[in-house]
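Okay, so here's the structure we're looking at.
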Amino acid sequence: AQSVTQPDIHITVSEGASLELRCNYSYGATPYLFWYVQSPGQGLQLLLKYFSGDTLVQGIKGFEAEFKRSQSSFNLRKPSVHWSDAAEYFCAVGAGNAGNMLTFGGGTRLMVKP
Amino acid sequence: DAGVIQSPRHEVTEMGQEVTLRCKPISGHDYLFWYRQTMMRGLELLIYFNNNVPIDDSGMPEDRFSAKMPNASFSTLKIQPSEPRDSAVYFCASSSGQSHIQYFGAGTRLSVL
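From first to last, the protein sequence lines are chains B and L.
One gets our numbering by counting positions in the first sequence from 1 and adding 744 to each.
One gets our numbering by counting positions in the second sequence from 1 and adding 17 to each.
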């Protein structure tokens with residue numbers, strides 16, 4: 745079965761600084777990978793996804809993520825963080841043989857200092 | 018499209034009462050998922066449906082929980098009787114075919130006193 749680890753429970757960055765959120769997955773084949781964002785009191789919103797092809801994927805709100813098969817990682821990055829990026833971020837993995845079911849990581853809560 | 022619609026947004030009830038949460042998926046989507054989110058356990062998949070048929074309910078915590086999908090545009094999650102430990106945010110999500118992209122509703126915050 746697949747699994748996802750987000751090693752950082754909380755991260756604090758200054759506004760304007762760069763950001764990298766870590767995600768490691770466990771799956772025997774090429775996974776489908778996702779990053780979702782959850783603002784307080786809201787549902788999860790898709791930031792970006794990787795299915796195949798170019799390992800660097802662009803998403804909404806200026807986010808990008810890079811799939812590294814050798815490291816089983818799919819880290820999320822943003823060059824300059826805005827105060828509105830403060831939220832919880834979830835990495836998820838899907839397996840092609842499990843319908844549309846996703847396995848989510850525990851989440852990373854991002855705080856942005858002015 | 019209106020997105021996934023959940024109701025109610027907030028529910029406060031007393032222990033022992035029956036609670037019914039509702040979900041309307043995005044039109045045309047053939048997968049529907051119910052999740053529970055708590056601080057202690059994070060985001061847990063409870064059950065999911067494909068074409069209105071329950072596929073995997075291994076995440077349903079116990080027999081007090083039941084879920085139905087009588088048609089493609091409506092699903093319910095019922096807790097009977099409710100207990101304080103059921104307090105959580107419950108999310109519904111839907112997706113289409115093999116896209117693997119799940120679209121989430123805004124959630125129902127349940128408080129059982």
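For every residue, glycine included, the Cβ atom is placed at its ideal position computed from N, Cα and C.
Under 7 Å, do residue i and residue j count as touching if we go by C-beta distance?
i	j	result
Phe91/L	Lys41/L	yes
Leu725/B	Ile755/B	With chain B covering only 745 through 858, there is no way to say anything about residue 725/B.
Ser762/B	Pro823/B	yes
Leu790/B	Val801/B	no
Val748/B	Thr852/B	no
Tyr120/L	Ile43/L	yes
Tyr794/B	Phe811/B	yes
Gln750/B	Gly850/B	yes
Val856/B	Ala831/B	no
His117/L	Asn844/B	yes
Asn768/B	Ser816/B	yes
Span of the beta strand (DSSP E) holding residue i?
i	result
Lys793/B	Leu788 to Tyr794
Ile804/B	Counting along the chain, Ile804/B falls outside any beta strand (DSSP E), and DSSP gives it neither H nor E.
Cys835/B	Ala831 to Gly838
Thr774/B	Note, Thr774/B: premise wrong, no beta strand (DSSP E); not H, not E.
Asn68/L	Unbroken run through Asn68/L: none, as it is neither H nor E.
Met86/L	Phe82 to Asn88
My output table needs one value for residue i: the three-state DSSP class, helix, strand or coil.
i	result
Gln782/B	strand
Ser814/B	helix
Arg102/L	helix
Ser112/L	strand
Ser75/L	coil
Ser828/B	helix
Gly851/B	coil
Ala123/L	coil
Gly59/L	strand
Gln34/L	coil
Leu765/B	strand
Ala745/B	coil
Ser44/L	coil
I believe residue i touches residue j by the beta-carbon criterion, under 8 Å. Please report the beta-carbon distance rounded to the nearest angstrom.
i	j	result
Val129/L	Ser99/L	5 Å
Leu765/B	Val837/B	So it is not a contact: roughly 15 Å between Cβ atoms.
Gly124/L	Gln23/L	6 Å
Ile64/L	Met56/L	Not really, about 22 Å apart at Cβ, beyond 8 Å.
Glu28/L	Leu127/L	5 Å
Quick one, which of the options has its alpha-carbon nearest residue i's?
i	options	result
Gly33/L	Arg58/L, Pro101/L, Ser111/L and Tyr52/L	Pro101/L
Gln97/L	Phe82/L, Val106/L and Pro25/L	Phe82/L
Asn68/L	Asp74/L, Tyr52/L, Gly59/L and Pro87/L	Pro87/L
Lys95/L	Glu79/L, Val21/L and Thr37/L	Thr37/L
Lys805/B	Phe818/B, Thr774/B, Arg813/B and Tyr780/B	Tyr780/B
Glu31/L	Ser112/L, Gly122/L, Ser104/L and Asp74/L	Ser104/L
Ala110/L	Gly59/L, Asp80/L, Trp51/L and Ala84/L	Trp51/L
Val825/B	Ala839/B, Pro858/B, Gln815/B and Ser783/B	Pro858/B
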